[in-house]
């Protein structure tokens with residue numbers, strides 16, 4: 001078997017998703033059995049400038065240089081996999097789009113702000129075609145391995161389009177709304193095995209919204225608990241601000 | 250023969266606060282340029298925090314760095330609690346100290362084994378070591394895996410912890426979990442002993458430059474990592490709320506990461522700074538290691554930051570075991586389990602305020618500062634990262650080092666510079682990138 005040439009690249013992000021891959025432990029050795037990893041900056045110093053079978057992308061696109069770079073990578077790669085919220089939905093970097101760019105540059109860098117070029121945060125699919133997405137902040141390792149399997153076999157991967165609640169119920173967690181706390185599980189894509197709720201915290205919506213949320217049901221829950229739409233929208237925008245750019249695309 | 254011209258350009262090493270280059274230029278025997286350029290795409294976290302609930306700050310700021318996510322979490326929570334006037338319980342403080350120990354242990358092990366050891370063993374990266382030093386690589390991965398599993402038990406996962414929040418923890422370990430943690434921690438001990446033996450056999454480059462070292466200090470007998478005042482080897486002592494008077498941030502055109510200075514033209518933070526200021530408070534086992542490898546304060550060889558990290562590993566492991574044993578003895582009070590959020594249960598009352606968090610994370614003192622309005626919404630935020638504080642000091646080191654080694658080959662000079670920057674452990678990914686070297690002659 002010829003192992004596909006695979007490279008990992010990062011854009012604006014915390015590099016935590018690459019770390020999730022590096023931390024796969026023994027499963028990483030299994031992955032290495034099937035992939036020829038030619039560039040992976042977090043664990044390797046080698047570089048690769050030829051064509052690729054698979055490019056794995058972490059991070060959002062936030063400046064001109066990044067736009068050019070992701071286009072070049074797309075050009076030379078057969079398959080492009082976006083991993084992590086920053087790459088798949090814009091993620092926390094999208095909160096920048098709540099502000100005027102010049103204003104936020106001045107706020108962080110003061111009078112020298114002109115040294116620091118930036119543009120509206122975009123998810124990878126808002127710039128180039130993406131073949132597979134592994135959502136989450138950080139990615140959930142079992143899902144990543146499953147997507148790699150799909151890519152190797154040439155099968156499509158369908159991201160679960162049901163809410164986190166489906167998994168949360170199976171995990172027998174007490175509903176956060178019953179505990180008096182707002183949770184984004186009802187409108188967020190499943191696939192993480194309700195990771196955060198299992199650990200006693202709420203869902204922050206890091207995997208993006210389901211395509212057909214039960215709006216009526218969600219409105220009932222919000223009304224019953226006296227939660228305003230603005231409050232929930234602000235919560236959604238922690239990870240999902242960049243979806244606005246999809247509407248205008 | 251004295252070299253007249255030298256032009257070193259280590260290009261596109263990435264992320265410290267991101268992408269950077271080493272630039273050294275000697276013209277007609279005179280050092281003209283000596284810089285660590287930081288040219289990353291900024292992410293504007295401080296700007297983005299405005300308008301967010303203080304209860305969301307931990308979640309957002311842990312995303313500044315996947316490697317130090319637990320450190321950012323702890324600094325963020327401390328700043329938020331300082332602003333809200335929340336006083337954490339003794340149990341919460343113990344669990345936070347445990348989390349910080351795990352973070353430091355995990356990070357230092359990676360740095361010592363995967364980044365520094367290859368240089369000292371004369372190979373280009375850890376990859377060749379898989380064949381030549383298979384046992385060593387396996388030991389490193391084993392220790393790293395144990396740290397990950399420990400974090401998973403304590404806070405759900407290591408990359409972006411879930412259960413550590415303002416007010417305490419959303420999930421507390423039970424008897425079974427405490428036993429599992431103790432088992433994992435004790436399992437690391439033999440590997441730690443082997444690590445000490447390995448490190449004792451390594452030879453670090455000789456270079457000295459006196460500088461000011463800064464870290465948390467305190468009046469009690471504990472090696473201060475989570476709480477304390479800010480102190481320096483030049484005799485400065487200030488409250489953490491005066492952090493701006495400590496860091497004195499300024500912007501230089503070649504770097505998108507801000508620089509800092511205190512009593513002199515630069516200062517250093519990190520394991521060596523902590524050792525120099527607080528080594529008498531280390532646990533006895535760690536002190537023994539310091540004696541065995543000949544480390545004494547005030548140590549002014551920046552390459553020995555790695556040795557200080559080793560000493561801290563021993564300290565953190567033993568102190569983590571002591572913390573878990575203490576928690577087991579007392580028993581965890583599960584009534585302290587808490588879930589806080591804005592506009593909801595009001596378990597933590599919100600008010601206007603201004604709070605600072607100062608925590609010793611693996612690479613040095615990390616500051617978070619939030620100003621809140623009366624609804625607990627962030628109106629101003631400021632984060633000062635250890636790596637930024639070290640950038641200025643690294644450049645001053647390079648200025649002294651280059652003339653001392655200018656007659657060596659370009660390869661040797663480049664390696665010495667890379668190793669110097671790497672000793673500060675700017676962040677694992679950027680450090681691996683220093684291995685790509687380009688000479689522009």
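Residue numbers (the numbering used here), protein chains in the order written: chain F, 1 to 249; chain S, 250 to 690.
Think of the CB as a built atom: it goes at the ideal place given N, C-alpha and C, for glycine as much as any other residue.
Strand pairing of residue 621(S), partner residues [DSSP]: 602(S) and 627(S)
Start and end residues, beta strand (DSSP E) containing residue 106(F): First-last for residue 106(F): 101-109, but that is the alpha helix (DSSP H), not the beta strand (DSSP E).
Cβ-Cβ distance between residue 508(S) and residue 640(S) below 7 angstroms: yes
Three-state class that DSSP yields for residue 609(S) in the structure shown: strand
Rounded C-alpha distance that separates residue 515(S) from residue 647(S): 13 angstroms
Meets three-Cβ-pair contact criterion under 8 angstroms: the segment 292-309 of chain S and the segment 613-627 of chain S: yes
Sequence-distant residues of the same chain with beta carbon closer than 6 angstroms to residue 396(S), five excluded per side: 351, 354 and 355
DSSP three-state assignment for residue 204(F), whether helix, strand or coil: coil
Listed by chain order, chain S residues near residue 19(F) by CB distance under 7 angstroms: 315, 316 and 408
Distance between beta carbons of residue 140(F) and residue 150(F), contact taken as under 8 angstroms: Going by Cβ atoms, the distance from residue 150(F) to residue 140(F) rounds to 15 angstroms, so no, they are not a contact pair.
Distance, residue 15(F) Cα to residue 124(F) Cα: 15 angstroms
Residue 40(F), enclosing beta strand (DSSP E) - first and last residue: 36-40
Residue-chain proximity (residue 588(S), chain F), Cβ-Cβ < 7 angstroms: yes
Of the listed residues 256(S), 479(S), 616(S) and 570(S), nearest to residue 281(S) (C-alpha basis): 256(S)
Helix, strand or coil at residue 192(F) [DSSP, three-state]: coil
Separation of residue 518(S) from residue 487(S), as counted between CA atoms: 15 angstroms
Residues that residue 419(S) contacts on chain F, provided the C-beta gap is smaller than 8 angstroms: 199, 200 and 201
Cβ neighbours of residue 243(F) in the same chain (closer than 6 angstroms, five flanking residues each side left out): none
Reduced DSSP secondary structure (H/G/I, E/B, other) of residue 163(F): strand
Touch test, the segment 169-186 of chain F against the segment 219-238 of chain F, Cβ-Cβ under 8 angstroms, three pairs minimum: yes
Span of the alpha helix (DSSP H) around residue 316(S): Looking at the DSSP string, residue 316(S) is not in any alpha helix (DSSP H), and its letter there is neither H nor E.
Extent of the continuous alpha helix (DSSP H) to which residue 380(S) belongs: 378-381
CB contact check: residue 14(F) to chain S, cutoff 7 angstroms: yes
Buried versus exposed, by CB contacts within 10 Å (16 or more), residue 493(S): exposed
Beta-carbon proximity of residue 526(S) to residue 464(S), cut-off 7 angstroms: yes
Secondary structure of residue 175(F), DSSP reduced to three states: coil
Coarse secondary structure for residue 487(S), derived from DSSP in three states: strand
Sequence-distant residues of the same chain with beta carbon closer than 8 angstroms to residue 539(S), five excluded per side: 524, 528, 531, 545 and 560
One or two residues paired with residue 60(F) in a DSSP bridge: 12(F)
Cβ-based neighbour list, residue 398(S), same chain, cut-off 7 angstroms, excluding 5 preceding and 5 following: 433
Cutoff 6 angstroms; reference residue 165(F); Cβ partners in own chain excluding five residues on either side: 185 and 186
Sub-7 angstroms separation of residue 70(F) and residue 128(F) beta-carbons: yes
C-beta contact flag for residue 62(F) and residue 37(F) at 7 angstroms: no
Closer than 7 angstroms to chain F by CB, residue 292(S): yes
Within 7 angstroms of chain F by C-beta, residues of the segment 468-485 of chain S in sequence order: none
Residue 653(S) to residue 489(S) span [Cα, whole Å]: 38 angstroms
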